[in-house]
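Here the structure comes first, spelled out in structure tokens, and everything after it is commentary.
Protein chains in written order, with this note's numbering: chain A, 1009 to 1228; chain B, 58 to 142.
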């Protein structure tokens, strides 16, 4: 009885506890368009991934030659992070928590094709999904916790729980988290920066809302 | 500048994805690594692949790359002396 009362109290307290973390900023990249909290920031008529990425690179004046050597997943990750980090400079403790459905399948296939003639070292180095986390860490000098999860579809609960755990345990003061999927040339990106900075309350519902707002047809 | 020099520069730009760079931007004696073109270790492996694929030169010892990939001039000389296609 005492335990039941205690559980009831904790649950009630938890439900009433104000949300202490917020989605400080976010970015959405899909179907030739890039949105952030201010609205549409870039659109391109280019259907194909690489011309779209090149047009966005030029538009945002990334000036990072290494970008051109990356695989599509890393380019998408760098582009999306740049849009968030330009306004919100990361610290070396900013954590990265990203997930997707296709892992690194896009570049895995390209590498597989290259092995029929001459296996390409520059394709091989991208045949893991978490390489994008390394690329983001190098560009923004981030040295904190990072994790890449593969899940069937956009999983707000996973992102919320893992991100919150990093923040509550003070492993990171802020977390860049979200969804970064690329397969068969179709890309579906949603990243958000979560911190104590007041803005949109950080909840599964809000993550889902932001992800779905510009996403009539998810890749998964 | 020989055709081989131009061909090499074009191949390097394409193979190593050196966007926004033209063959004219690469000097024949410019260091390819370090302060010059700023290529990295993965680029070195791609250059080894390029030698085999385009000129039939198979480097058995990757450390040979250090002597060959010094500059476009050095690469061109090595290719002329060792090419099988």
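In this text, a Cβ means the ideal position worked out from N, Cα and C, and glycines have one as well.
As the structure is a prediction and not an experimental result, all values here were calculated from the model.
Per-residue burial, residue 118(B) [other beta carbons within 10 Å of its own, 16 or more giving buried]: Label assigned to residue 118(B): exposed.
- request: Can you say whether residue 1169(A) is buried or exposed, counting buried as having 16 or more other CB atoms within 10 angstroms of its CB?
  value: exposed
- prompt: So who's on the other strand from residue 1194(A), going by DSSP bridges?
  reply: 1191(A)
query: DSSP state of residue 1142(A), grouped into three classes?
result: DSSP, reduced to helix, strand and coil, places residue 1142(A) within a helical segment of the structure shown.
message: Does the CB of residue 1030(A) have a neighbour CB from chain B at under 9 Å?
response: no
Residue of 1036(A), 1085(A), 1202(A) minimising C-alpha distance to residue 993(A): Residue 993(A) lies beyond the residue range present for chain A, which begins at 1009 and ends at 1228; the question has no answer from this structure.
field: Pairwise C-alpha distance: residue 122(B) and residue 105(B)
entry: 7 Å
query: Can you list the alpha helix (DSSP H) stretches of 4 or more residues lying completely in the region 1051-1090 of chain A, in chain order?
result: 1057-1067
Residue 139(B) - DSSP class collapsed to helix/strand/coil: helix
message: Less than 7 Å between C-beta atoms, sequence neighbours within five positions excluded: which residues of the same chain meet that for residue 1075(A)?
response: Non-local beta-carbon contacts of residue 1075(A) in its own chain, meaning distances under 7 Å to residues more than five positions away in sequence, involve 1065, 1083, 1086 in chain order.
- prompt: If you draw a straight line from the C-alpha of residue 1156(A) to the C-alpha of residue 1112(A), how long is it?
  reply: 11 Å
message: For chain B, check one thing: does any of its Cβ atoms lie closer than 9 Å to the Cβ of residue 1202(A)?
response: no
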